[in-house]
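Notes to accompany the following structure.
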């Protein structure tokens, strides 16, 4: 344990009087010896010098470490920023300038697939709007539409092809009543004009339907030859479609 000795002038003005403090290196206690003459116990100049040098060296090392850590942090943030900047790419196509929904060279393929498979599962972008071009092209061909939501459809077979009951909301005051409605598909087919090409059952949110319900929708054009089924089974980055039998697991391949 090293001992540092410092001599400070006394607060009381006396001739050649001083106060000495002894400070140990472990910093546990400080002892004060007042009224000790400098001639009796002179201060060790080498100890004072060594203590000052040590404190200055520690302070200098601390400043150097702070500057080094700051430089490393700045360099690391700069490298991350450069990596992010280099990873961002913008692919510009012709569709970005004149409208992506106007360029649809696959509309002919769309019409042929609807006539061939008769039940189609479509996947549209999340922002929506693209499926309107394909719906309008089917309308130009002479099809009429029945728009339904899969969340309130119930049993597809019962709702579309059979007389089915519907219970209106009674709000807790009226008795629970049951009303019977005709089959949705058969009723709409009976109202089609003579020049109509057929009926398109467009089902939104079909992703909530079970596999058995999708299988019935895929077989519905077989039961009703003038019916075409379009089911929105999910989303994708661009508008795409597949046969509904393939999605429902009815395809031979």
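In my numbering, the protein residues as written are 507 to 759. Every residue gets a Cβ at the ideal spot worked out from N, C-alpha and C, and that includes glycine.
* To do: From the DSSP output, in three-state form, read off residue 675 for me.
  => By one-based count along the chain shown, residue 675 stands at place 169. If DSSP states are grouped into helix, strand and coil, residue 675 belongs with coil.
* Asked: Around the C-beta of residue 685, are 16 or more other C-beta atoms found within 10 angstroms, so that it is buried, or is it exposed?
  -> Residue 685 sits at position 179 when you count from the first residue of the chain shown. When all chains shown are included, residue 685 counts as exposed.
* To do: Decide yes or no for the touch test of the stretch 615-634 against the stretch 690-699: beta carbon pairs closer than 8 Å, at least 3 of them.
  => no
* Asked: With 16 other CB atoms within 10 Å as the buried threshold, where does residue 571 fall?
  -> Against the chain shown, residue 571 aligns to sequence position 65. Under this definition residue 571 is an exposed residue.
* Look at the Cβ atom of residue 750, then the Cβ atom of residue 662, and state whether they are nearer than 8 Å. => What you label residue 750 is simply residue 244 of the chain shown in a count that begins at 1. What you label residue 662 is simply residue 156 of the chain shown in a count that begins at 1. It is not a contact, given that the beta carbons lie outside the stated cut-off.
* Can we say the stretch 732-744 touches the stretch 704-711, given the rule of at least three CB pairs closer than 8 Å? -> yes
* To do: Tell me residue 741's beta-bridge partners as DSSP assigns them.
  => Reading the chain shown from its first residue, position 235 is the one you call residue 741. Per DSSP, 630.
* Between residue 729 and residue 642, is the Cβ-Cβ spacing less than 8 Å? -> Translated into the one-based positions of the chain shown, residue 729 becomes position 223. Translated into the one-based positions of the chain shown, residue 642 becomes position 136. Against a cut-off of 8 Å, the Cβ pair of residue 642 and residue 729 comes out as no contact.
* Asked: Can you tell me whether DSSP reads residue 662 as helix, strand or coil?
  -> As a first step, residue 662 must be located in the chain shown, where it is residue number 156. Helix, per DSSP.
* **Strand pairing of residue 635, partner residues [DSSP]** => In the chain shown, counting from the first residue as 1, residue 635 sits at position 129. According to DSSP, residue 635 bridges with nothing at all.
* Asked: Can you give the Cα-Cα distance for residue 620 and residue 656, rounded to whole angstroms?
  -> Start at 1 with the first residue of the chain shown, and residue 620 comes out as number 114. Start at 1 with the first residue of the chain shown, and residue 656 comes out as number 150. Each residue's Cα considered, the two are about 20 Å apart.
* Asked: In chain order, what residues of the same chain lie with their CB nearer than 6 Å to the CB of residue 720, ignoring the 5 residues before and after it?
  -> Taking the chain shown and counting its residues from 1, one reaches residue 720 at position 214. Once the five neighbours on either side are set aside, the close Cβ partners of residue 720 are 754.
* Mind checking residue 624: buried by the 16 CB within 10 Å criterion, or exposed? -> By 1-based counting over the chain shown, the position of residue 624 is 118. Classification of residue 624: buried, given that the 10 Å Cβ count is 16 or more.
* Could you pull out every residue in the same chain whose Cβ sits closer than 7 Å to the Cβ of residue 756, ignoring the five residues on either side in sequence? => Numbered from 1 along the chain shown, position 250 holds the residue referred to as residue 756. Answer for residue 756: 721 and 724, listed in chain order.
* Could you tell me how far apart the beta carbons of residue 690 and residue 665 are, in whole angstroms, since I believe they sit closer than 8 Å? => Counting from one through the chain shown, the residue named residue 690 turns up at place 184. Counting from one through the chain shown, the residue named residue 665 turns up at place 159. Indeed they touch by this definition, with Cβ atoms about 6 Å apart.
* Asked: Name the DSSP bridge partner or partners of residue 704?
  -> Stepping through the chain shown from its first residue, residue 704 is reached at position 198. Residue 704 is bridged to 649.
* Helix, strand or coil: which one does DSSP assign to residue 695? -> The sequence position of residue 695 within the chain shown is 189, counting from 1. Residue 695: helix per DSSP, three-state reduction.
* **Alpha carbon of residue 636 to alpha carbon of residue 580, nearest angstrom** => Along the chain shown, read from residue 1 onward, the residue named residue 636 stands at position 130. Along the chain shown, read from residue 1 onward, the residue named residue 580 stands at position 74. Using only the alpha carbons, I get a separation of about 46 Å.
* Asked: Taking the alpha-carbon positions, what's the residue 715 to residue 613 distance?
  -> Taking the chain shown and counting its residues from 1, one reaches residue 715 at position 209. Taking the chain shown and counting its residues from 1, one reaches residue 613 at position 107. Inter-residue distance for residue 715 and residue 613 is about 27 Å (C-alpha atoms, whole angstroms).
* **Identified DSSP bridge partners for residue 625** => Working through the chain shown from its first residue, we reach residue 625 at position 119. Note: residue 625 sits in a beta bridge opposite 735.
* For the candidate residues 568, 645, 634 and 618, whose alpha-carbon lies nearest to that of residue 743? -> Start at 1 with the first residue of the chain shown, and residue 743 comes out as number 237. Nearest C-alpha to residue 743: 634.
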